[in-house]
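In order, the protein sequence lines correspond to chains Z and W.
Following UniProt numbering, the numbering of the first sequence begins with 1 at its first residue and continues without gaps.
Following UniProt numbering, the numbering of the second sequence begins with 1 at its first residue and continues without gaps.
Cβ coordinates follow ideal geometry from the N, Cα and C atoms, glycine included.
Structure first, then comments.
Protein chains: 2
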Amino acid sequence: MQRIHVTCTQKKCVCPGCSSLAYGAMEELGPFRVNSDGKTLQKNKYSWNHAANVLFLESPAGVGFSYSNTSSDYDSSGDRRTAIDNYIFLVNWLERFPEYKKRDFYITGESYAGHYIPQLAHTILLNNKNANKTIINLKGIMIGNAAINDETDNRGMYDYLVSHAIVSDQTLHDIRTFCNFSSGTIPIQCPTALDEYNQDVLFIDIYNIYAPLCNNPNLTAFPKKNLIVGDPCSGVYTHSYLNRANVQEALHANVTKLKYDWESCSDLISSKWSDSPSTTIPLLQEFLTNGLRVWIFSGDIDGVVPVTSTKYSIKTMNLSTKTTWYPWFFNGEVGGYAEVYKGDLTFATVRGAGHEVPRYQPGRALSLIRHFLKGTPPPTTKRQP
Amino acid sequence: MQRIHVTCTQKKCVCPGCSSLAYGAMEELGPFRVNSDGKTLQKNKYSWNHAANVLFLESPAGVGFSYSNTSSDYDSSGDRRTAIDNYIFLVNWLERFPEYKKRDFYITGESYAGHYIPQLAHTILLNNKNANKTIINLKGIMIGNAAINDETDNRGMYDYLVSHAIVSDQTLHDIRTFCNFSSGTIPIQCPTALDEYNQDVLFIDIYNIYAPLCNNPNLTAFPKKNLIVGDPCSGVYTHSYLNRANVQEALHANVTKLKYDWESCSDLISSKWSDSPSTTIPLLQEFLTNGLRVWIFSGDIDGVVPVTSTKYSIKTMNLSTKTTWYPWFFNGEVGGYAEVYKGDLTFATVRGAGHEVPRYQPGRALSLIRHFLKGTPPPTTKRQP
Chain Z
1 MQRIHVTCTQ
11 KKCVCPGCSS
21 LAYGAMEELG
31 PFRVNSDGKT
41 LQKNKYSWNH
51 AANVLFLESP
61 AGVGFSYSNT
71 SSDYDSSGDR
81 RTAIDNYIFL
91 VNWLERFPEY
101 KKRDFYITGE
111 SYAGHYIPQL
121 AHTILLNNKN
131 ANKTIINLKG
141 IMIGNAAIND
151 ETDNRGMYDY
161 LVSHAIVSDQ
171 TLHDIRTFCN
181 FSSGTIPIQC
191 PTALDEYNQD
201 VLFIDIYNIY
211 APLCNNPNLT
221 AFPKKNLIVG
231 DPCSGVYTHS
241 YLNRANVQEA
251 LHANVTKLKY
261 DWESCSDLIS
271 SKWSDSPSTT
281 IPLLQEFLTN
291 GLRVWIFSGD
301 IDGVVPVTST
311 KYSIKTMNLS
321 TKTTWYPWFF
331 NGEVGGYAEV
341 YKGDLTFATV
351 RGAGHEVPRY
361 QPGRALSLIR
371 HFLKGTPPPT
381 TKRQP
Chain W
1 MQRIHVTCTQ
11 KKCVCPGCSS
21 LAYGAMEELG
31 PFRVNSDGKT
41 LQKNKYSWNH
51 AANVLFLESP
61 AGVGFSYSNT
71 SSDYDSSGDR
81 RTAIDNYIFL
91 VNWLERFPEY
101 KKRDFYITGE
111 SYAGHYIPQL
121 AHTILLNNKN
131 ANKTIINLKG
141 IMIGNAAIND
151 ETDNRGMYDY
161 LVSHAIVSDQ
171 TLHDIRTFCN
181 FSSGTIPIQC
191 PTALDEYNQD
201 VLFIDIYNIY
211 APLCNNPNLT
221 AFPKKNLIVG
231 DPCSGVYTHS
241 YLNRANVQEA
251 LHANVTKLKY
261 DWESCSDLIS
271 SKWSDSPSTT
281 IPLLQEFLTN
291 GLRVWIFSGD
301 IDGVVPVTST
311 KYSIKTMNLS
321 TKTTWYPWFF
331 NGEVGGYAEV
341 YKGDLTFATV
351 RGAGHEVPRY
361 QPGRALSLIR
371 HFLKGTPPPT
381 TKRQP
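Okay, structure coming up:
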């Protein structure tokens with residue numbers, strides 16, 4: 001049930017195939033959280049529904065309740081296909097609920113969504129242009145702890161783990177010296193260094209380097225009453241909840257009775273994913289040219305796509321600064337730091353948040369999405385809301 | 001009541017003059033913690049008394065309840081005088097409690113104690129040698145988040161705050177380029193960069209970069225029942241408690257009725273401190289040569305004397321590695337990382353701990369002191385205690 005441990009010995013550290021219903025809706029920004037009994041819910045007072053109408057998409061087919069009637073489809077999943085399918089879904093959804101057609105539309109996501117979201121946004125812009133009308137009224141995108149550029153993502157991850165005293169300088173040095181993943185032959189020192197690396201990260205939650213682990217992955221007979229920010233076992237509760245027959249019935253999900261359990265991350269597709277460009281930065285640059293609002297945020301205690309990676313990635317864009325680095329505030333505390341670039345791109349960190357930002361810092365995350373939707377930068381003073 | 005905010009624009013980021021009774025005893029490793037009413041106590045189940053007999057020293061005169069009859073003494077405080085006074089105190093204490101004379105003796109401390117402790121240990125070794133007998137049976141020292149080498153302490157602090165996305169790369173670059181504190185003239189860009197820096201760190205607790213602030217510094221009418229790890233207002237409770245007449249009477253403290261409140265950090269002396277060598281590393285090296293056990297630990301979310309500083313400082317010693325960097329365990333979790341050097345010096349980080357390590361990670365800290373006293377390295381496997 002725990003997220004598959006990503007050892008990051010491969011080129012990419014984050015994989016496609018995880019569910020927005022699992023993470024996004026049930027453990028991060030959705031209106032409810034599952035209690036520790038795996039069957040009752042509590043309200044999430046920091047739900048993003050307070051700021052907007054939110055639609056969660058389990059994508060591509062093979063993830064969560066999404067499926068294909070042609071099982072061979074799972075063997076040919078990839079970024080391009082996902083973007084096209086997501087676009088078709090959206091257009092159909094707007095046909096089904098036409099009252100939303102003219103509304104401002106924003107897309108957000110985290111992790112591998114650093115691919116999905118720019119690619120979907122690009123597809124929307126392209127189709128609007130080809131059709132010479134606004135099919136989908138896209139205004140902006142926001143991505144968090146997002147894979148956007150392999151080279152800087154990887155370099156930033158190693159630098160982060162060293163500067164956060166998880167991996168030693170020596171191991172980093174050895175990996176840099178001996179592990180050239182693009183070359184054919186790998187010297188013996190490389191696997192040794194990677195072994196060291198794996199030993200260092202294996203027993204912590206690399207998605208939140210200071211979080212406790214889920215040591216008792218059992219449901220409780222009675223629900224825990226209080227909303228617990230970042231309960232390490234919350235994935236267990238969600239798994240149980242979404243596999244309940246009455247829940248699936250209420251959600252109108254799994255009507256075809258899939259032959260497998262609902263899972264937060266899909267093994268079906270992630271291993272066969274080949275269509276994954278090394279960067280989505282040209283797309284972000286395209287959006288800035290087209291006046292789309294682009295926000296990039298980063299929970300600063302994530303070790304998978306860390307803040308260092310995102311800083312490096314943004315740096316490759318060579319943007320001019322509009323507002324230099326400053327602390328932004330939520331509820332009288334520093335919510336993180338922000339920098340605004342001409343374009344108009346906003347980068348904001350979220351202090352004390354892991355990979356799933358709204359899970360670990362729900363208040364700060366809700367504040368960010370509100371400012372994003374309003375088009376105002378994260379507040380510079382303690383007094384602002 | 002809050003610790004004085006150290007802006008670190010000076011050469012040193014940590015100052016002498018804080019009390020071991022305030023921090024060490026009442027908020028970190030002592031047998032009791034003060035409740036939120038400021039007058040009742042709760043037991044600290046992670047007290048270091050479970051591992052050893054512990055003596056707390058408010059030092060030098062002018063700190064806490066320690067005083068001098070000659071008030072001009074406060075104007076001439078310094079490292080040398082502190083070491084001599086501390087030594088005299090210890091010898092007298094052992095005369096008064098001779099049953100402890102032959103016991104193994106260890107000294108530990110944090111922050112500016114990176115000066116006090118090596119200097120006191122050096123004084124003990126010197127006096128033992130001069131007297132040609134064991135006056136104090138010193139076996140080892142342990143220091144945490146300790147100022148030990150100005151140059152690396154400072155460099156490490158800036159690097160830490162940048163890699164932890166608190167200060168921007170640009171500000172660091174400007175400080176490095178324009179702020180040469182040893183030169184006579186300072187270009188205008190330097191104060192500008194330092195202003196930026198101060199804005200970035202001013203509103204967070206730099207002693208624990210992810211901690212909440214104390215927003216309601218009032219005592220409660222009723223004590224909070226549970227031991228709260230790292231209550232941001234605990235300093236308020238301690239201040240109230242140690243200024244109570246009945247508490248002072250019970251402690252046999254303040255019998256001369258000082259004309260000022262007991263304070264956790266002394267303004268009396270810290271501003272006039274001039275005798276502070278730029279490094280205590282030669283003393284650490286002396287101890288290794290003399291077979292003294294030396295442990296250096298580091299809470300890894302402290303921004304004042306961060307883990308980066310301590311890593312840089314140890315590196316200047318050019319030691320050979322005995323056991324390379326590995327995760328150590330407490331209670332089935334990674335307690336931090338450790339490296340053992342020939343000599344015999346052990347470096348251990350404490351994961352998720354701020355400047356006051358036993359305050360934020362009491363279990364991990366107690367485990368560390370136990371291993372230190374036993375002379376066994378922090379455990380390499382999950383199963384070990």
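Open item on the list: For residue 238 of chain Z, count the other beta carbons within 10 Å of its own beta carbon; 16 or more makes it buried, fewer makes it exposed. Which is it?
Closed with: The residue you call residue 238 of chain Z lines up with position 238 of the first sequence. Buried, because 16 or more other Cβ atoms sit within 10 Å of the Cβ of residue 238 of chain Z.
Task: Between the CA atoms of residue 367 of chain W and residue 86 of chain Z - distance to the nearest angstrom - done: Residue 86 of chain Z sits at position 86 when you count from the first residue of the first sequence. Residue 367 of chain W sits at position 367 when you count from the first residue of the second sequence. Counting only the Cα atoms, residue 367 of chain W lies some 52 Å from residue 86 of chain Z.
TODO: Grab the span of the alpha helix (DSSP H) containing residue 129 of chain Z for me, first residue to last.
DONE: Counting from 1 along the first sequence, the entry for residue 129 of chain Z is found at position 129. Element bounds for residue 129 of chain Z: 113-131.
Open item on the list: At a CB distance below 9 Å, what residues from the region 161-193 of chain W approach chain Z? Give them in sequence order.
Closed with: 162, 163, 164, 165, 166, 167, 168, 169, 170, 171
Open item on the list: Please report the straight-line C-alpha distance between residue 4 of chain W and residue 332 of chain Z, rounded to a whole angstrom.
Closed with: For the purposes of this step, residue 4 of chain W is taken as residue 4 along the second sequence, with counting starting at 1. For the purposes of this step, residue 332 of chain Z is taken as residue 332 along the first sequence, with counting starting at 1. In this prediction, residue 4 of chain W scores a pLDDT of 37, lower than 50, which makes its location untrustworthy; no coordinate-derived value is stated.
Task: Environment of residue 152 of chain W [buried if 16+ CB atoms lie within 10 Å] - done: Stepping through the second sequence from its first residue, residue 152 of chain W is reached at position 152. It is buried - the Cβ of residue 152 of chain W has at least 16 other Cβ atoms within 10 Å.
Open item on the list: With the cut-off set at 7 Å, would you say residue 223 of chain Z and residue 40 of chain Z are in Cβ contact?
Closed with: Counted from its first residue, the first sequence places residue 223 of chain Z at position 223. Counted from its first residue, the first sequence places residue 40 of chain Z at position 40. Contact: yes.
Task: 3 or more residues per run - each beta strand (DSSP E) lying fully within the region 13-72 of chain W - done: 32-34, 41-43
- [ ] Go ahead and label residue 58 of chain W buried or exposed: buried means 16 or more other beta carbons lie within 10 angstroms of its beta carbon, across all protein chains shown.
- [x] For the purposes of this step, residue 58 of chain W is taken as the residue at position 58 of the second sequence. Residue 58 of chain W should be labelled buried.
TODO: Please go through the same chain and pick out, in chain order, the residues whose beta-carbon is closer than 7 Å to the beta-carbon of residue 329 of chain W, but skip the five residues on each side of it.
DONE: Along the second sequence, read from residue 1 onward, the residue named residue 329 of chain W stands at position 329. Cβ within range, chain order: 335, 379, 381, 382, 384.
TODO: Only counting runs of 3 or more residues, tell me where the beta strand (DSSP E) segments fall wholly within the region 281-341 of chain Z, in order along the chain.
DONE: 293-299, 321-330, 333-341
Open item on the list: If the criterion is Cβ atoms closer than 7 Å, does the pair residue 165 of chain W and residue 307 of chain Z meet it?
Closed with: Walking along the second sequence from the start, residue 165 of chain W turns up at place 165. Walking along the first sequence from the start, residue 307 of chain Z turns up at place 307. For residue 165 of chain W and residue 307 of chain Z, yes; Cβs fall inside 7 Å.
Task: Neighbourhood of residue 116 of chain W by C-beta distance below 8 Å, restricted to the same chain and skipping five residues each side - done: As a first step, residue 116 of chain W is located in the second sequence; it is residue number 116 there, counting from the start. Taken in chain order, the residues that qualify are 16, 59, 79, 82, 83, 86, 109.
- [ ] If I'm right that residue 280 of chain W touches residue 148 of chain W with Cβ under 8 Å, what's the distance once you round it to whole angstroms?
- [x] Here residue 280 of chain W refers to the residue found at position 280 of the second sequence. Here residue 148 of chain W refers to the residue found at position 148 of the second sequence. Confirmed, about 5 Å.
- [ ] Taking C-beta pairs closer than 7 Å, name the residues in chain A that residue 351 of chain W reaches, listed in chain order.
- [x] The chain inventory of the structure shown lacks chain A, comprising the protein chains Z and W.
Open item on the list: Please tell me whether residue 204 of chain W has its Cβ less than 7 Å away from any Cβ of chain Z.
Closed with: Locating residue 204 of chain W in the second sequence gives position 204, counting from the first residue. It does: the Cβ of residue 204 of chain W has a partner Cβ on chain Z nearer than 7 Å.
TODO: Report the rounded CA-to-CA distance for residue 46 of chain W versus residue 371 of chain W, giving the unit in angstroms.
DONE: Here the question's residue 46 of chain W lines up with position 46 in the second sequence. Here the question's residue 371 of chain W lines up with position 371 in the second sequence. C-alpha separation (whole angstroms): 14 Å.
TODO: Check whether the Cβ atoms of residue 111 of chain Z and residue 273 of chain Z sit closer than 7 Å, and answer yes or no.
DONE: Locating residue 111 of chain Z in the first sequence gives position 111, counting from the first residue. Locating residue 273 of chain Z in the first sequence gives position 273, counting from the first residue. Not closer than 7 Å, so no.
Open item on the list: Within 7 Å of any Cβ in chain Z, is that where the Cβ of residue 300 of chain W sits?
Closed with: Taking the second sequence and counting its residues from 1, the one referred to as residue 300 of chain W is at position 300. Output row for residue 300 of chain W: interface = yes.
Open item on the list: At the level of alpha carbons, what is the spacing between residue 175 of chain Z and residue 195 of chain Z?
Closed with: Stepping through the first sequence from its first residue, residue 175 of chain Z is reached at position 175. Stepping through the first sequence from its first residue, residue 195 of chain Z is reached at position 195. In a straight line, the C-alpha of residue 175 of chain Z is about 10 Å away from that of residue 195 of chain Z.
Open item on the list: Using a 10 Å radius around the Cβ and a threshold of 16 neighbouring Cβ atoms, would you call residue 189 of chain Z buried or exposed?
Closed with: Position 189 of the first sequence holds residue 189 of chain Z. Per the 10 Å Cβ criterion, exposed.
Task: is_contact[residue 325 of chain W, chain Z] using C-beta, thresh 7 Å - done: Counting from one through the second sequence, the residue named residue 325 of chain W turns up at place 325. Yes, because at least one Cβ of chain Z sits closer than 7 Å to the Cβ of residue 325 of chain W.
Open item on the list: Can you confirm whether residue 275 of chain W, when its beta carbon is compared against all beta carbons of chain Z, has any partner nearer than 7 Å?
Closed with: Within the second sequence, numbered from 1, the residue matching residue 275 of chain W stands at position 275. By this cut-off, residue 275 of chain W is not an interface position.
TODO: Would you please verify whether the beta carbon of residue 14 of chain Z is less than 7 Å from any beta carbon of chain W?
DONE: By 1-based counting over the first sequence, the position of residue 14 of chain Z is 14. It does not; no Cβ of chain W falls within 7 Å.
Open item on the list: For the structure I just gave you, are there three or more beta carbon pairs, one from the region 206-214 of chain W and one from the region 20-37 of chain W, closer than 8 Å?
Closed with: no
Task: Beta-carbon proximity of residue 246 of chain Z to residue 262 of chain Z, cut-off 7 Å - done: Within the first sequence, numbered from 1, the residue matching residue 246 of chain Z stands at position 246. Within the first sequence, numbered from 1, the residue matching residue 262 of chain Z stands at position 262. Their beta carbons are not under 7 Å apart, which means residue 246 of chain Z does not touch residue 262 of chain Z by this criterion.
TODO: Tell me whether residue 147 of chain Z sits in a helix, a strand or coil according to DSSP, three-state version.
DONE: Residue 147 of chain Z sits at position 147 when you count from the first residue of the first sequence. Coil, per DSSP.
Open item on the list: Using only the alpha-carbon positions, how far apart do residue 251 of chain W and residue 229 of chain Z sit?
Closed with: Taking the second sequence and counting its residues from 1, the one referred to as residue 251 of chain W is at position 251. Taking the first sequence and counting its residues from 1, the one referred to as residue 229 of chain Z is at position 229. When rounded, the distance between both Cα atoms is 41 Å.
Open item on the list: Could you compute how far the alpha carbon of residue 132 of chain Z sits from the alpha carbon of residue 122 of chain Z?
Closed with: What you label residue 132 of chain Z is simply residue 132 of the first sequence in a count that begins at 1. What you label residue 122 of chain Z is simply residue 122 of the first sequence in a count that begins at 1. Using only the alpha carbons, I get a separation of about 15 Å.
Open item on the list: Do residue 118 of chain W and residue 283 of chain W count as a contact pair if the criterion is CB distance below 7 Å?
Closed with: By one-based count along the second sequence, residue 283 of chain W stands at place 283. By one-based count along the second sequence, residue 118 of chain W stands at place 118. Yes, these two residues count as a Cβ contact at 7 Å.
Open item on the list: Buried or exposed for residue 126 of chain W, going by 16 or more other Cβ atoms inside 10 Å?
Closed with: Start at 1 with the first residue of the second sequence, and residue 126 of chain W comes out as number 126. Burial call: exposed.
- [ ] From the DSSP output, in three-state form, read off residue 372 of chain Z for me.
- [x] For the purposes of this step, residue 372 of chain Z is taken as the residue at position 372 of the first sequence. In the three-state reduction of the DSSP assignment, residue 372 of chain Z falls in the helix class.
Task: residue 93 of chain W classed as buried or exposed, judged by whether at least 16 other C-beta atoms fall within 10 angstroms - done: What you label residue 93 of chain W is simply residue 93 of the second sequence in a count that begins at 1. With fewer than 16 other Cβ atoms within 10 Å, it is exposed.
TODO: Give a yes or no on whether 7 Å exceeds the smallest Cβ distance from residue 153 of chain Z to chain W.
DONE: The count along the first sequence starts at 1 and reaches residue 153 of chain Z at position 153. Nearest CB-CB separation between residue 153 of chain Z and chain W: not below the 7 Å threshold.
TODO: Starting from residue 361 of chain W, find everything on chain Z with Cβ-Cβ shorter than 8 Å and list it in chain order.
DONE: For this step, residue 361 of chain W is matched to residue 361 along the second sequence. Residues of chain Z passing the Cβ test: none, with the nearest at roughly 10 Å.
Open item on the list: If distances are taken between C-alpha atoms only, which option among Z:69, Z:65, Z:53 comes closest to residue 106 of chain Z?
Closed with: Mapped onto the first sequence, residue 106 of chain Z falls at position 106. When only C-alpha atoms are compared, the closest one is Z:53.
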